[in-house]
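There are 2 protein chains.
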Amino acid sequence: MDETMATGGESPYPEMIRNLPEVEIPLPGIRGRLLQGERRQAVFFEIEEGTQIPPHSHCAQWGIMVEGRISLTIGGRTRVYEKGDRYFIPDGVVHSATFPTKAHVIDVFEDPARYKPKA
Amino acid sequence: MDETMATGGESPYPEMIRNLPEVEIPLPGIRGRLLQGERRQAVFFEIEEGTQIPPHSHCAQWGIMVEGRISLTIGGRTRVYEKGDRYFIPDGVVHSATFPTKAHVIDVFEDPARYKPKA
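For the protein sequence lines, the chains are A and B, in the order given.
Residues 179 to 297, numbered by the working numbering, are exactly what the first sequence covers, in order.
Residues 179 to 297, numbered by the working numbering, are exactly what the second sequence covers, in order.
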C-alpha cells in the first residue's frame, strides 16, 4: 500500500476514499482509487508535481480539480485548471497533461472498464 | 425523467453523468444521480436555491462543491462552501444545510446503501 495515501497526512481525500482499491496505471507519478460502478467509474487521482501524461485518447472523461494545478491540452487547446475547475474530454479526442504542482483530481469515465484495480 | 437534468442546458454535469439512475430523495428541491459502487456510492446532486435540509445524521460523507453555494452546519459549526470547497461529515455527526443559490455538489457516502435508485 502506498504510504502517502494510507496515512493521508496531506491528502484531501478522507480515509473512506483512500482505502478504495488502487487502479493499475502504467505511468509513474500517478495513483488513483477506484469507485467502480456498473455503467461508469470514478477515479480519485493523486498526481506528483512534474508528471507528464503523453497524448492519448479513449472514452469520454469528465473531471473536477480538487487541489493543485493541471495544464491540460484537449484537442489542441491548452488551459490550466485549478481548484474546482471542470473539464470534459469527448470520446476519442486526443489529450495530454503536465502537472506544474502536485494535484488531486476526480475523473468520471464513461467506459466502466477504463481502469482496472491492481491485481 | 427530469427535463433540466435531461437536457443539461445549464448543468455542469455531462450527459454520461446526467443519465445515471436518479436517487430516491424525500425532500423537495434536491435531485441526484447515482454512481453505485460495491463499498461506496457517489451522488451527483443538483439542488434548487432556497432548499433546506433539516438536521440529520448518518454514515460518513465527503463532498466537493461543483457550482453555487451551500451554507452547511456540521456539528454546530456553520460555514459557506463554494466552488471547489470540500467538507467531511464524520459518521453520526448532526448536520444541516441551506442553499442561498442553486448548487451542484458531489458527495461520496461511506455506506453504499445510503441512497437507493428511484423505483
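Even glycine gets a Cβ: it sits at the ideal position worked out from N, Cα and C.
Predicted, not measured: the structure shown is a model, and the values here were computed from it.
How far does the beta strand (DSSP E) with A/Arg209 in it reach, from first residue to last?
-> Ile208 to Gln214
Does the Cβ-Cβ distance between B/Arg196 and B/Ile203 come in under 9 angstroms?
-> no
Can you grab the Cα-Cα spacing for the pair A/Tyr191 / B/Ile242, in whole Å?
-> 10 angstroms
When the Cα atoms are used, what is the spatial distance from B/Asp148 to B/Glu200?
-> Any answer about residue 148 of chain B is impossible in this case: the structure gives chain B only from 179 up to 297.
Which residue comes first and which comes last in the alpha helix (DSSP H) that contains B/Ile195?
-> Glu193 to Arg196
Does the count of Cβ pairs from the region 225-237 of chain B and the region 268-278 of chain A closer than 8 angstroms reach three?
-> no
Coil, strand or helix - A/Glu227 by DSSP = coil
Look at the Cβ atom of B/Phe287, then the Cβ atom of B/Arg218, and state whether they are nearer than 9 angstroms.
-> yes
Rounded straight-line distance, which links the Cα of A/Val283 to that of B/Arg257 | 23 angstroms
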